[in-house]
Structure formats: structure tokens, C-alpha cells
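Visitor: Just so we're aligned: 286 in the numbering used here is position 285 of the sequence shown, and the numbers increase by one with no gaps anywhere.
Structure in C-alpha cells, see below.
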Amino acid sequence: MDKLLIRGGRRLQGEVTISGAKNAALPDLCATLLSAEPVTLANVPQLQDVNTTIKLLANMGVAVQRAADRGDDQHDVITLDAGKVHNPEAPYELVKTMRASILVLGPLLARFGRARVSLPGGCAIGSRPVDQHIKGLQAMGAHIVVEHGYIEARGPLGADGQPGRLKGARITTDMVTVTGTENLMMAATLAEGETILENAAQEPEIVDLANLLIAMGARIEGQGTHRIRIQGVDALHGLTPAQAHQIIPDRIETGTFLCAVGAAGGDVTLRRTDAEQLEAVIDKLREAGVTVEPGADFIRVSASGRPKAVGFRTKEHPGFPTDMQAQFMALNCVAEGSAAIHETIFENRFMHVNELIRLGARVEVDGHTAVVTGVPALSGATVMATDLRASASLVIAGLVAEGETLVDRIYHLDRGYDRMEAKLRGIGADIERVKG
Ligand code: UD1
């Protein structure tokens with residue numbers, strides 16, 4: 002299992018190019034199931050979760066062509082052709098490594114009238130059920146049973162006794178769910194009539210997915226607000242390489258580098274990103290004394306000396322993202338003063354705390370609140386990554402710790418960060434991947 006060896010204490014200096022957003026790429030890849038024609042996506046990040054999704058789609062019969070395979074040097078361009086899907090099924094072996102696999106359920110059901118998708122297993126950061134996805138699809142007329150660990154779904158039966166098109170419906174989810182909104186929005190594009198999604202998630206990745214679907218011929222309004230209206234159409238068309246959909250920049254990767262500079266000090270420009278998607282985090286970084294200067298498609302960040310501790314509460318977009326909680330906590334660990342962090346989205350998202358404590362951090366957890374008291378210096382140790390964003394917080398802590406930090410189990414990091422150690426090395430960090 003690969004590990005990352007970090008020698009802390011280096012100032013970060015230079016430029017980093019931000020990759021396409023993981024959480025937009027995954028639904029966008031699944032959305033290609035909705036068309037019988039090839040769909041081209043650009044700015045696709047190189048991540049394990051993207052590879053898993055491609056494997057999942059290929060297993061169904063989707064033909065996948067990377068521009069690089071054609072001898073083209075655009076490594077971020079992929080064309081997916083779901084014209085010959087023979088197996089509308091997501092098996093447990095693939096779903097267990099990535100919960101977002103549930104995103105094939107809506108598109109499969111909408112286009113083929115049936116789907117068989119393994120229930121996602123337990124997840125380190127909480128139980129994360131998919132009941133809202135199922136309830137929404139049932140409201141659209143789907144018949145769904147859960148048996149032997151699989152969601153078995155089919156469309157409403159037509160006069161011929163065959164599963165037919167889903168029917169538009171007004172759906173109010175019990176809570177705001179990102180992938181739930183995405184699944185239902187995708188399903189509704191091919192349903193009969195109008196669907197209204199109330200209490201919809203407003204994340205930029207939802208807007209990205211809606212823009213892709215609209216480019217494919219879907220009729221959607223209200224993306225980015227709490228009410229999304231979709232008028233079903235008979236079919237969606239493809240996108241040629243010339244019409245490729247550009248995936249938005251990864252705001253969580255951006256925020257992770259901002260926190261790294263805030264904690265370690267330095268002066269770095271992040272290229273191909275968008276500060277508007279990250280206002281809540283940038284506001285908190287400024288409160289912490291970090292200088293953040295956004296440009297049209299870049300952000301310059303600089304910091305020197307210890308930051309100030311800043312408290313926050315995670316919330317749905319446009320609030321402070323739960324996916325940035327662990328990384329900002331790492332910054333607070335070396336800040337002056339103390340601050341309370343409230344996690345409101347997931348029930349068990351403080352697993353990085355015990356590992357940060359191994360590095361000398363002072364953190365006390367009481368239920369959904371963690372109180373961090375900054376210390377002047379962390380000290381390097383061997384630590385274990387427990388989930389994707391927790392891994393990133395340990396890397397940030399390793400960058401500021403004295404001596405060597407070895408972060409074990411970085412397969413979590415590889416799931417969601419595009420060549421993180423290479424990007425950090427490019428701005429002066431002393432970090433290397435240790436094999437085995
Ligand atoms: C997405 C993101 C993830 C992020 C999270 C919250 C992707 C691929 N992943 O995950 O990085 O941390 O949003 O911003 O985009 N819930 C239910 N029933 C459901 C659905 C959700 O109870 O049917 C609960 C969850 O347990 C959780 C909350 O709702 O407590 C929000 O979860 P949700 O927005 O669905 O997260 P994901 O879409 O899985």
C-alpha cells in the first residue's frame with residue numbers, strides 16, 4: 002500500500018493548476034448513459050473514482066475512448082458511447098469502493114426502464130442511506146424492491162406489460178441531498194411530463210450536471226436554486242469532441258491548496274479555478290489572516306506566520322462545505338487561539354482528529370463539535386488516512402509538522418485528488434510517494 006513521506010517546514014511557492022471537479026465528473030460520466038449517442042467530456046480529472054466509474058460503465062457495455070488513446074495529447078478528454086448497453090447493472094464489487102456509483106440508478110431506469118444497483122455498503126463517515134433516491138424514483142412511478150443487497154428497479158408497466166417511461170412528479174426530499182438531487186434530475190430528463198424537485202441541493206456540481214444535460218437536449222430550469230423544474234423529452238443527443246462539455250474546476254481541491262498555504266505559509270497562484278464557488282471558505286481563511294486575492298480564473302494566496310484560529314459550521318452550499326472541514330481543522334491545529342468546528346452534515350466525520358492528535362494537535366470532540374486549540378508546532382509521526390478529505394488534512398498537517406510524517410493508506414487520497422503529491426512538490430513541498 003502506498004504511503005506519503007513528508008518532511009515538514011517548507012514554505013510553499015509557485016503555481017498549481019487545479020483539475021476538474023471530482024464531484025462533477027462522477028455524475029457527468031453517469032449522465033452519458035442517458036443518450037444512445039457518444040458524449041464527450043473535457044477537463045476530466047485523473048482520479049481513482051473516475052477510473053472506477055469508467056469501469057462500472059464499461060461493464061454495462063459503454064464504449065469508452067480517451068483522447069490520449071487516439072494519440073491526442075489531451076489527457077483530460079473522454080468520449081463515452083452508451084449506444085450498446087447490454088447489462089444495466091452495477092455490481093457490489095465496484096459499488097463497494099465508491100458510493101457515488103448510485104448515480105447510475107436514475108439514468109439506467111430512465112433510459113432502459115430497468116436497473117439493478119448494489120446498495121452502497123457502510124461508509125467510514127456515517128451510514129449515508131439512499132432512501133431519498135429510492136423514494137423520489139418511486140414518486141415517478143418506478144417499482145423498486147431491495148433484495149439480496151441490490152436495488153432492483155423497473156419503470157411503470159405499460160399496456161403491453163413492459164416497463165415504460167417514468168412519469169414526471171413533484172418531489173420534496175426530506176433533507177438536501179447532492180447525489181439524490183442529481184439522480185432524480187437525470188431520471189426526470191427522459192420522464193413523461195414535468196418534474197419539480199423541491200429542497201434541491203444548490204451545489205455548483207448540480208449546475209454543472211444540469212448544463213451538461215441541457216447541452217444534450219434536456220429541458221431544465223432552476224439549477225443552483227432549491228427548486229429545479231425539468232420537462233421530460235423523448236431522447237437526449239450526444240456531444241462531439243468539438244462540443245465537449247468542460248467540467249468545472251474542483252473547488253475542494255482548490256480549498257485544500259488554500260488551506261495548505263494558509264497553514265504552511267508561502268505565496269502560491271492556483272490556476273484554472275473559480276473563487277466564486279468557494280466564498281464561505283475564502284471568508285474564513287481571510288478571518289484567519291490568510292491573504293486571498295481572486296482573479297478571473299485564478300486565485301493568489303499568501304500567508305506568513307501563524308494563522309488565527311477560526312470556528313465554523315458545515316452547511317449545504319453556499320455554506321461551508323463538509324468536504325473542507327478536515328483540511329481547515331489542520332490549519333486551526335497550528336493557529337493562535339482556539340476555535341469550535343461544528344459538523345452538521347455527516348454523523349461521524351471527525352476520524353482525522355485522533356491522527357492529528359498523534360501529530361501533537363490539541364483537539365477535543367464532543368458529539369458533532371470539535372474544539373481545536375492551536376499549538377506553535379506539530380511533530381512528525383506515522384498516521385493513517387481514514388477517508389478522502391481526512392487524508393488531505395493529514396497531508397496539510399505533515400507539511401507544517403517538524404520532522405518526518407508518514408501518511409499511510411493514501412489510496413483514499415488517490416480516490417479524489419489528481420496527482421496531489423506532484424502538485425505539492427511543484428510548489429516546493431518535500432513530499433514523496435513510498436511504494437509497498
Ligand atoms: C455528496 C458528495 C460528498 C459531500 C456530500 C455533502 C458527491 C459524489 N459526493 O455526497 O463529497 O461530502 O455530498 O456535501 O457528490 N442522506 C439520507 N438519505 C439519502 C441521501 C442522503 O439520509 O437518501 C443524508 C446523508 O446521510 C447525509 C446527508 O443526507 O447525512 C447529505 O448527504 P448527501 O448530500 O446525499 O451526500 P452525497 O450526495 O452522498
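We put the CB at the ideal spot given by N, CA and C, even for glycine.
Measure the alpha-carbon distance for residue 104 versus residue 27 and round it to whole angstroms.
Guide: 8 Å
Visitor: Taking 9 Å as the threshold (C-beta atoms), are residue 262 and residue 282 in contact?
Guide: no
Visitor: Flag residue 23 as yes when its Cβ comes closer than 8 Å to any non-hydrogen atom of ligand 1, and as no otherwise.
Guide: Result yes, Cβ under 8 Å from ligand 1.
Visitor: Can you list, in chain order, the residues of its chain whose CB lies under 8 Å from that of residue 76, leaving out five sequence neighbours each side?
Guide: 47, 67, 68 and 69
Visitor: From residue 52 to residue 246, what distance separates their C-alpha atoms?
Guide: Going by the C-alpha atoms only, they are around 19 Å apart.
Visitor: Whose C-beta lies closer than 6 Å to the C-beta of residue 311 among residues of the same chain, with five residues either side of it excluded?
Guide: 285, 288, 289 and 340
Visitor: Under three-state DSSP, which class holds residue 250?
Guide: strand
Visitor: Can you give the Cα-Cα distance for residue 153 and residue 430, rounded to whole angstroms?
Guide: 48 Å
Visitor: So, for residue 407: in the same chain, excluding its five sequence neighbours on each side, which residues have a beta-carbon less than 6 Å away from its beta-carbon?
Guide: 4, 6 and 383
Visitor: Roughly how many whole angstroms lie between the Cα atoms of residue 135 and residue 267?
Guide: 47 Å
Visitor: From the DSSP output, in three-state form, read off residue 412 for me.
Guide: Helix.
Visitor: Output yes or no for whether 9 Å exceeds the beta carbon distance between residue 61 and residue 32.
Guide: no
Visitor: Between which two residues does the alpha helix (DSSP H) harbouring residue 2 extend?
Guide: Here residue 2 belongs to no alpha helix (DSSP H), and DSSP marks it neither H nor E.
Visitor: How do the region 213 to 232 and the region 375 to 392 stand: do at least 3 beta-carbon pairs fall below 8 Å, yes or no?
Guide: no
Visitor: Would you decide whether residue 187 is buried or exposed? Buried here means 16 or more other CB atoms lie within 10 Å of its CB.
Guide: buried
Visitor: Helix, strand or coil: how does DSSP classify residue 256 here?
Guide: helix
Visitor: Under a three-way DSSP split, which group does residue 224 fall into?
Guide: coil
Visitor: Taking C-alpha atoms, which residue in 96, 358, 373 and 163 lies nearest to residue 333?
Guide: Nearest neighbour of residue 333 by Cα position, chosen from 96, 358, 373 and 163, turns out to be 373.
Visitor: Would residue 254 and residue 428 qualify as a contact pair, given that the criterion is a beta-carbon distance under 9 Å?
Guide: no
Visitor: Put residue 190 into one of helix, strand or coil per three-state DSSP.
Guide: helix
Visitor: Do you know offhand how far residue 342's Cα is from residue 59's?
Guide: Computed Cα separation, rounded: 41 Å.
Visitor: Determine the DSSP secondary structure at residue 305, reduced to helix, strand or coil.
Guide: Reduced to three states, the DSSP call for residue 305 is coil.
Visitor: Rank 227, 205 and 97 by C-alpha distance to the C-alpha of residue 248 and give the top, closest one.
Guide: When each option's Cα is compared against that of residue 248, the closest is 205.
Visitor: Where do the ends of the beta strand (DSSP E) carrying residue 144 lie?
Guide: 144 to 148
Visitor: Could you check which residue in 10, 54 and 64 has the C-alpha nearest to that of residue 440?
Guide: This structure gives no information on residue 440, because the portion of the chain shown stretches from 2 to 437.
Visitor: Indicate, with yes or no, if ligand 1 has a heavy atom lying under 8 Å from the CB of residue 49.
Guide: no
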